[in-house]
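Have a look at the structure below before the remarks.
As C-alpha cells, then:
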C-alpha cells in the first residue's frame with residue numbers, strides 16, 4: 010500500500026476541568042524529523058509520545074502540538090494571605106515613619122509584589138496521561154487515514170504516468186522499422202566511398218562497422234526499460250513503504266531512457282524519448298512524497 014508523507018490529524022479529549030487537543034502535521038522528508046510543542050505538565054512524557062509517533066508514522070517531517078484549555082475553576086490562584094499581611098504591615102509602618110497620612114493605596118501596592126498569589130503546581134496524574142495517550146493515538150489514526158487517501162491519489166497518478174511511458178516504449182518499433190533502412194543506406198554509401206580508396210584496412214573497417222552497429226542497437230535498452238516498468242508497478246502494489254525503492258527504480262529507468270535517446274538517431278524516436286523523460290520527471294517528483 011502506498012502512503013503519502015503529507016498528512017494532518019487532530020483529536021480532542023474533554024475532561025472535567027480541561028480540554029486536550031492533539032494536532033499532527035507531516036510533510037515529506039528523507040527520515041523521521043519530529044518536532045513537538047507541549048505544555049510543561051506533559052514534558053515528562055515527551056519521550057513516550059515521541060516513541061508512539063515514530064513507531065506509527067515512520068518517516069516524514071512531523072509537527073506534533075498538544076494544546077490544553079482549562080475549563081474548570083479549581084486552578085484559580087489563591088491569595089497568599091500571610092504574605093499580603095506581612096507586606097501591608099511593613100508598608101504601613103514605613104508610611105507612619107515617613108509621615109504619610111493617606112494609606113488607602115497600600116493594598117494596591119502590595120498585590121503586584123512576589124508571592125502574593127499562590128499558584129498550585131500542576132502534576133500529571135495517571136488518568137490524565139491515559140487520556141492523553143488515547144487522544145494521541147486517535148490523532149495518529151486520523152493522520153494515517155489522511156496519508157492513505159493521499160497515497161491512493163499518488164498511486165493513480167503514478168500508474169497513469171508509468172503506463173504512458175510503457176505506451177511510448179510500445180511505439181518505438183514502429184519508428185525503428187523506418188530507422189533501420191535509413192541507417193543501412195547511410196552505411197552502404199559510406200562503405201562504397203571508403204572502398205573506392207585502395208588503402209583500406211579491411212580488419213579496421215570490420216571493427217568499426219561492428220562498433221557502429223552495436224552503438225545503434227537499442228534492443229537491450231528496450232528490454233531493460235520494459236522490465237523496470239513492470240518492476241515499478243509490482244513494487245507499488247506489493248511493497249510496504251516502497252518510496253525509496255521506487256526512487257531507485259525511477260533512476261534506472263532514467264538511465265535506459267537517456268541511453269535510448271543517445272542511440273535513437275531518428276527524429277520520431279527522439280520525440281518519444283522526450284515524452285518519456287517528461288513523464289519520468291513527474292514520477293520522480295511524486296515518489297519523493299511516498300512513504
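Numbering (my numbering), first residue to last: 10 to 300.
By construction, the Cβ of each residue, glycine as well, lies at the ideal position given by its N, Cα and C atoms.
Source: prediction; values computed, not measured.
| Check | Outcome |
| --- | --- |
| Nonlocal neighbours in the same chain, by C-beta distance under 7 Å from residue 181, ignoring five residues either side | 231, 278 and 281 |
| Rounded separation between residue 60 and residue 178 - CA only | 46 Å |
| Any non-hydrogen atom of the ligand GDP closer than 8 Å to residue 151 Cβ | Absence of the ligand GDP is noted for the structure shown, with no ligands found whatsoever. |
| Residue 41, DSSP secondary structure in three states | strand |
| Classification of residue 159 by the beta-carbon crowding that lies within 10 angstroms, buried from 16 upward | buried |
| Local conformation of residue 36 per DSSP, three classes | strand |
| Whole-angstrom distance between residue 265 and residue 14, CA atom to CA atom | 29 Å |
| Environment of residue 109 [buried if 16+ CB atoms lie within 10 Å] | exposed |
| Backbone CA spacing between residue 146 and residue 253 [nearest angstrom] | 27 Å |
| Own chain, CB closer than 8 Å to residue 53, minus 5 neighbours either side, in chain order | 133 |
| Segment contact, 8 Å Cβ cut-off, at least three pairs: the region 25-37 with the region 159-174 | no |
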